Structures are given as structure tokens and as C-alpha cells.
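Here the structure is laid out as C-alpha cells; the discussion comes afterwards.
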Amino acid sequence: MEAFDSVLLNKGPTRYGELRRSVQGVSDKMLIQQLKELESDGIVQRTDYGEIPLRVDYSLTPFGASLVWAMEPLCGWGEAHEEDIAAAMDRRKTSR
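With the sequence shown counted from 1, adding 1 to any position gets you our numbering.
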């Protein structure tokens with residue numbers, strides 16, 4: 002869902018490179034897979050402008066935008082607890 006969070010937080014059409022920079026710790030393959038799933042589910046719209054170099058934007062569909070009211074508090078919670086979440090992730094990595 003990180004791809005959805007990134008599109009949500011950008012509040013408008015967002016190029017793939019912008020999404021990539023806003024999502025940390027996720028491979029290109031995983032990000033592309035998530036975006037395809039969100040597109041398939043009707044949550045995200047992919048617009049290909051048919052230009053060279055490739056120009057593609059991602060934006061929320063009206064259906065996806067209807068999730069904003071539910072996601073914004075979750076995103077806010079994540080931002081407020083970012084350090085705690087990072088520490089927990091570090092502990093999990095070192096315990097393996």
C-alpha cells in the first residue's frame with residue numbers, strides 16, 4: 002500500500018520517479034507491482050502520454066479518492082510515530 006500512500010500524499014498526478022523517491026525500502030519491481038494492482042482495482046489511474054522519453058502519471062480515481070478520509074489519519078499516525086516504527090524495523094532486521 003505504500004504506492005497508494007505516495008499517490009495520496011502527492012494530492013494529484015504524480016510521475017513514477019516522484020513516487021519512487023517517496024517510497025523507501027521498496028524495490029522497483031514491488032512498486033510497479035503495487036501500482037498495477039491498485040490500477041487493476043480501480044484505485045489508481047495510470048496515464049501514459051506516449052512520449053519519448055516515457056512519461057507516465059499516476060493519480061487517484063474517484064473511487065481511490067473516496068479512501069482519503071480513511072487513509073489520512075493512518076498516514077498522520079505513521080508520520081507521528083516514524084522514529085518508533087524505524088526502530089522496530091531495525092530491531093526486526095538485527096534479530097534475524
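Positions of the beta carbon are idealized from the N, C-alpha and C atoms, including for glycine.
Since this is a predicted model, take the numbers as computed values, not measurements.
Burial is judged here by how many other beta carbons sit within 10 angstroms of a residue's own beta carbon; V69 has fewer than 16 and is exposed. For Q46, the enclosing beta strand (DSSP E) covers residues 45-49.
Comparing alpha-carbon positions, the option among A81, I33, L75 lying closest to R47 turns out to be I33. For G43, the closest C-alpha among the options A66, D29, R92 is that of A66. Taking every protein chain shown into account, the CB of L55 has fewer than 16 other CB atoms within 10 angstroms, so this residue is exposed. Sequence-distant partners of K37 (beyond 5 residues in either direction) whose C-beta falls short of 7 Å from its own C-beta are missing from its chain. The residue among Q35, E19, G26 with its C-alpha nearest the C-alpha of K94 is G26. Secondary structure at R93: helix, using DSSP grouped into helix, strand and coil.
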